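These notes concern the structure reproduced below.
In this note's numbering, the protein residues as written are 1 to 67.
Shown next, in the form of structure tokens:
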């Protein structure tokens, strides 16, 4: 009988946090970029990494900037 208020409190707390978690997930999906937007972002990141580390496709040696 003494533990009953504690159990009710913990269940209420758990319910509150689960509602917050669902709200956060819905918020994330609402503002998540579309699939095409994610693909464009990935392409930009690949281009950036290629610019930072330029390599020749066949020899995998660093290319000269003087072409």
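Each residue gets a CB set at the ideal place from its N, CA and C atoms; glycine is no exception. On a predicted model such as this, the values are computed, not experimentally measured, just so you know.
Task: Nearest-angstrom Cα separation, counted from residue 47 out to residue 16 - done: 44 Å
- [ ] Check residue 15 in the structure and name its three-state DSSP category.
- [x] helix
- [ ] Whole angstroms is fine: what's the gap from residue 6's alpha carbon to residue 14's?
- [x] 12 Å
Task: For residue 2, the three-state DSSP class (helix, strand or coil) - done: coil
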